[in-house]
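Visitor: Mind looking over this structure? Questions follow.
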Amino acid sequence: MKAKEGVLELLNQVLRAELTAIHQYLLHAAMCKNWGYDRLHDHYSHLANEEVQHSAGLMAHILYLDGTPEMGQLDPVAQGQNVTDLFRFGLEFECDDVEALRKAITHCADVGDFTTRHLLEHMIEDSEEHIDWFETRLRTIDQVGLERFLSEQIKR
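Whatever position you read off the sequence shown (first residue = 1), add 1220 for our numbering.
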């Protein structure tokens, strides 16, 4: 199937963000494991797996539209120095992702590509859930303190 105007470019931008997210969340999972926070390690691993699924879906859809998935470039991966940094970087990343997805969804609706729009709408739901998760963790740290919060992250 031939892609509508501008759709492949937007899909490849979203793909680059998803591939970056995989690397960022894998790094954050490893950092949390190294720090001894098993629950956070598990959650970041889960986030990375979700991003792998999104990336695989995007690649398949780009190929379906007779395009070529652009796999050779990532955006910068935010490392951070502590758990709070990781949450802030994750929140910022997901907010940027939602904005890019909204732009792509709007474009798909404008050009009449409802299949791509549906795929992106599913992805934006996950990203908004990620935003909520990061916001909730940051709010909890503000309410109970970092030490209390982290003490709950040691065991699964």
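Note that beta-carbon positions come from the ideal geometry of N, C-alpha and C, so glycine has one too.
Taking the alpha helix (DSSP H) that Gln-1301 belongs to, which residues open and close that run?
Guide: Translated into positions along the sequence shown, residue 1301 becomes position 81. Segment: none, Gln-1301 is in no alpha helix (DSSP H) and carries neither H nor E.
Visitor: By alpha-carbon positions, which one of Gly-1292, Glu-1312, Gly-1287, Gln-1363 ends up nearest to Gln-1299?
Guide: In the sequence shown, residue 1299 corresponds to position 79, counting from 1. Nearest of Gly-1292, Glu-1312, Gly-1287, Gln-1363 to Gln-1299, Cα basis: Glu-1312.
Visitor: Three-state secondary structure (DSSP) at Lys-1253?
Guide: Here residue 1253 refers to the residue found at position 33 of the sequence shown. Under the three-state reduction of DSSP, Lys-1253 is assigned to helix.
Visitor: Give the secondary structure of Leu-1294 by DSSP, where H, G and I count as helix, E and B as strand, and everything else as coil.
Guide: For the purposes of this step, residue 1294 is identified with residue 74 of the sequence shown, where counting begins at 1. Shown here, Leu-1294 sits in coil according to DSSP, grouped into three states, outside any helix or strand.
Visitor: With a threshold of 16 other CB atoms inside 10 Å of the CB of Leu-1239, please say whether the residue is buried or exposed.
Guide: The residue you call residue 1239 lines up with position 19 of the sequence shown. It is buried - the Cβ of Leu-1239 has at least 16 other Cβ atoms within 10 Å.
Visitor: Below 6 Å CB to CB, which residues in the same chain sit around Phe-1307 once its five sequence neighbours on both sides are set aside?
Guide: Walking along the sequence shown from the start, residue 1307 turns up at place 87. Excluding sequence neighbours, Phe-1307 sits near Phe-1354, Arg-1357, Leu-1358.
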